[in-house]
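There are 2 protein chains.
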Amino acid sequence: MIHTPYLLFLGDAPDPLAAKVAQGIKDWRPDNAIGQFRMEGCKADMGLTDMTLAEAKEAGAKTLVIGVANRGGVISPAWKKVLVAALEEGFDLASGLHNLLRDEPDLVAVAEACGRTLHDVRVPSVDYPIATGVKRTGKRCLAVGTDCSVGKMYTALAMDAEMRERGMKATFRPTGQTGILITGDGVPLDAVVADFMAGAVEWLTPDNDPDHWDLIEGQGSLFHVSYSGVTMALVHGGQPDALILCHEPTREHMRGLPGYDLPSLATLRDTALQLASVANSACQVVGISVNTQHLSEEDAVAYLAQVEADMGLPAVDPFRQGAGRLVDALDAI
Amino acid sequence: MIHTPYLLFLGDAPDPLAAKVAQGIKDWRPDNAIGQFRMEGCKADMGLTDMTLAEAKEAGAKTLVIGVANRGGVISPAWKKVLVAALEEGFDLASGLHNLLRDEPDLVAVAEACGRTLHDVRVPSVDYPIATGVKRTGKRCLAVGTDCSVGKMYTALAMDAEMRERGMKATFRPTGQTGILITGDGVPLDAVVADFMAGAVEWLTPDNDPDHWDLIEGQGSLFHVSYSGVTMALVHGGQPDALILCHEPTREHMRGLPGYDLPSLATLRDTALQLASVANSACQVVGISVNTQHLSEEDAVAYLAQVEADMGLPAVDPFRQGAGRLVDALDAI
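So the protein sequences, as listed, match chains A and B. When we follow this note's numbering, the leftmost residue of the first sequence carries the number 2, and every step to the right adds one. When we follow this note's numbering, the leftmost residue of the second sequence carries the number 2, and every step to the right adds one.
Structure follows, in structure tokens:
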């Protein structure tokens with residue numbers, strides 16, 4: 002559990018895209034972001050107040066979050082100075098980089114001397130149990146995709162935001178490093194040891210109020226041969242009551258797998274529902290979320306209408322249209 | 002890679018069942034077992050020559066394999082004396098126990114001093130890659146089960162033995178600790194980090210001669226919610242050309258999961274084939290292996306005949322009847 006609120010470290014981001022973790026925090030948990038720290042030459046701007054470490058500390062920030070990735074995911078010497086100063090100022094550090102904070106001896110030494118914590122959210126920090134399959138109270142929704150990186154996290158976060166705005170009981174449950182940094186908690190599922198994957202998902206989505214929804218962040222795809230085992234653990238460990246199908250219609254082949262075609266939405270529906278019913282026979286597919294960023298507005302609207310007609314389910318792009326109709330569908334269960 | 006041949010350590014096994022790893026080595030790779038080492042009170046006997054460490058060393062044994070599990074999987078003080086003496090005598094040690102050899106400081110110290118290797122086959126020793134999904138040469142057969150522990154390893158080993166007897170090119174590919182100790186190599190798949198599971202299976206079953214078969218040891222079940230992610234990685238990383246369905250007909254519920262029914266063989270066939278076809282569209286289900294140990298001979302024969310009629314596939318218990326008909330089915334592809 003990472004202490005909030007955060008000061009967002011944008012470093013010397015070469016472009017806005019490099020700061021997508023910071024952008025995610027700013028977009029989805031603005032209360033977690035008290036200000037931003039930018040170095041000379043930084044090309045990203047969250048529109049937050051630029052703060053020194055001392056100013057941010059004074060304003061109540063608890064953790065400096067590395068909200069930027071540079072090439073190779075390494076911690077540069079220029080960054081290092083700021084990170085050391087932040088520890089000395091009393092901040093914890095949190096990072097989702099491949100280059101772990103804990104692998105930097107100087108950061109470890111200063112953190113120990115100052116009594117601060119280094120959070121590497123890419124690495125599990127819990128001994129997860131083996132899944133028991135015992136039915137849990139409360140309800141769960143899982144986003145499953147025709148491919149990786151088709152908008153599953155965005156969909157879950159947009160639904161979570163809409164549900165909380167409506168006063169519904171909802172919790173976004175992150176399963177990847179960006180989501181964990183956004184909320185301050187979660188399971189880095191792709192780094193969990195195989196035997197404990199489904200148990201980690203059970204741990205992440207425990208018993209809850211009967212009218213509470215967990216919005217579980219999806220990972221991979223049942224049809225992506227590199228990562229399908231991780232997706233399977235989500236489908237069985239999550240015991241979802243509801244599935245949202247996610248799709249990106251301009252993808253020419255499975256991400257990183259030339260020669261592998263994407264499944265149709267109908268194939269994804271049938272496969273995911275059949276597998277999910279093993280853990281929860283009441284599971285339903287309730288809606289479709291399409292990432293239409295590579296389509297014109299007109300083409301997007303036409304595509305969504307066609308999908309909705311073909312599949313008999315609400316089909317929306319939550320980025321263009323909001324997640325309201327997906328939440329309506331959940332609420333109708 | 003563990004050096005063979007072995008001296009099998011049976012310790013103070015309280016009963017024959019406790020020595021099932023040693024039994025597996027003796028049954029399936031008798032050439033790997035040069036003798037057995039039994040302590041006072043040992044209730045297991047492989048029928049091998051009882052040897053002192055010095056005699057086994059003289060006879061050419063390279064590794065002392067812990068072929069027995071005691072309660073809790075721990076290394077007892079009584080065992081420790083033998084293990085230390087074995088290292089001093091020039092043996093490597095190999096173990097699949099939960100209690101790792103490398104976690105015992107005295108064993109580590111003696112192994113270092115003597116230049117010997119401690120093999121904990123429960124822990125991966127390779128940095129496996131992410132799966133690429135690239136089609137590999139050679140052919141692969143995977144055993145998939147309606148549940149865990151229904152005879153998948155036995156089936157693959159029996160087919161491997163039959164194929165080698167016929168002069169076919171075949172390699173048993175272990176994915177669990179018992180199989181790894183039997184052959185001296187493999188992937189402890191349930192201990193691999195999630196992102197690398199399918200890549201580990203690809204690594205285990207590389208390009209080979211067009212007429213060579215890998216017999217891949219199955220793990221878990223697509224229908225077992227605790228371990229299905231591991232099974233999925235085998236189905237997609239293994240790119241099987243052939244699937245063998247494995248079943249134990251007297252199981253009342255999924256192993257360790259009260260309330261979870263076993264799928265029918267027809268459901269397993271359809272689900273496994275559909276998922277396998279993502280990675281290899283030519284995959285076929287070629288036969289059925291039934292563990293009939295809890296049925297009388299008469300009931301077993303009747304059950305197998307019924308399954309064969311219902312499914313239109315050869316159905317055998319390889320323990321009672323040999324794996325010949327399953328190999329015939331593979332050979333017909």
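For each residue, glycine too, the CB sits at the ideal point set by N, CA and C.
Taking a beta-carbon distance threshold of 7 Å, ILE181 (chain B) does not count as an interface residue toward chain A.
Taking 7 Å as the cut-off, the Cβ atoms of ALA45 (chain A) and LEU8 (chain A) do not count as close. Contact annotation, THR147 (chain B) with PRO259 (chain B): C-beta distance approximately 16 Å; criterion of less than 8 Å not satisfied.
Between PRO175 (chain A) and the set A:MET169, A:LEU143 and A:ALA195, the nearest pair of CA atoms involves A:LEU143. Counting the other Cβ atoms within 10 Å of the Cβ of ALA55 (chain B) gives fewer than 16, which makes it exposed. The DSSP-derived three-state label of GLN240 (chain A) is coil. For the pair VAL122 (chain B) and LEU182 (chain B), the CB atoms are nearer than the 7 Å cut-off. Taking the C-beta atoms as reference points, ALA159 (chain B) is found no nearer than 7 Å to PRO15 (chain B). In chain order, HIS295 place their CB closer than 6 Å to the CB of THR251 (chain B), counting only its own chain and leaving out the 5 sequence neighbours on each side. Three or more Cβ pairs closer than 8 Å define a contact, and the segment 207-222 of chain B meets that threshold against the segment 233-249 of chain B.
A Cβ of chain A is located within less than 7 Å of the beta carbon of ASP191 (chain B). Close CB contacts of ARG30 (chain A) within its chain, under the 7 Å cut and outside five residues either way in sequence, are with ILE183 and THR184 (chain order). Interface residue (Cβ-Cβ distance to chain B less than 7 Å): LEU11 (chain A) is not classified as such. Taking a C-beta cut-off of 9 Å against chain B, the contacting residues of the segment 222-240 of chain A are LEU223, PHE224, HIS225, VAL226, SER227, TYR228, SER229, GLY230, VAL231, THR232, MET233, ALA234, LEU235, VAL236, HIS237, GLY238 and GLN240, listed in chain order.
Within the segment 122-154 of chain B, ILE131, ALA132 and GLY134 place their CB atoms closer than 7 Å to a CB of chain A, listed in sequence order. Inclusion of ASP196 (chain B) and GLY139 (chain B) in the CB contact set at 7 Å is not warranted, their separation being larger than that value. When Cβ-Cβ separations below 7 Å define contact, VAL302 (chain B) makes no contact with chain A.
The three-state secondary structure of ASP196 (chain B), taken from DSSP, is helix.
If you draw a 10 Å sphere on the C-beta of THR50 (chain B), you find fewer than 16 other C-beta atoms in it, and that means exposed. The CB of GLN178 (chain B) never comes closer than 8 Å to any CB in chain A; the least such distance is about 12 Å.
Straight through space, the alpha carbons of GLU89 (chain B) and ALA273 (chain B) are spaced by roughly 49 Å.
In this structure, the beta-carbon distance from ARG256 (chain B) to SER96 (chain B) does not fall below 7 Å. Shown here, ALA132 (chain B) sits in coil according to DSSP, grouped into three states, outside any helix or strand. Counting along the chain, the unbroken alpha helix (DSSP H) around ILE181 (chain B) starts and ends at 178-184. Look at TYR261 (chain A): its C-beta is under 7 Å from a C-beta on chain B.
Using a Cβ-Cβ cut-off of 7 Å, ALA20 (chain B) does not count as an interface residue toward chain A, since no Cβ of chain A sits closer than that to its own. According to the DSSP assignment, VAL286 (chain B) belongs to no alpha helix (DSSP H) but to the beta strand (DSSP E) extending over 285-291. DSSP places VAL302 (chain B) in the uninterrupted alpha helix (DSSP H) bounded by 298-312.
Interface residue (Cβ-Cβ distance to chain B less than 7 Å): LEU258 (chain A) is classified as such.
The contact set of GLN275 (chain B) on chain A, defined by CB atoms closer than 8 Å, consists of THR272 in chain order. Interface with chain A (7 Å Cβ-Cβ cutoff): MET198 (chain B) is included. Every beta strand (DSSP E) of 3 residues or more that sits fully in the segment 207-242 of chain B is shown, in chain order, as 213-217. Any Cβ of chain A closer than 7 Å to the Cβ of ALA280 (chain B) would place that residue at the interface, and such an atom is present.
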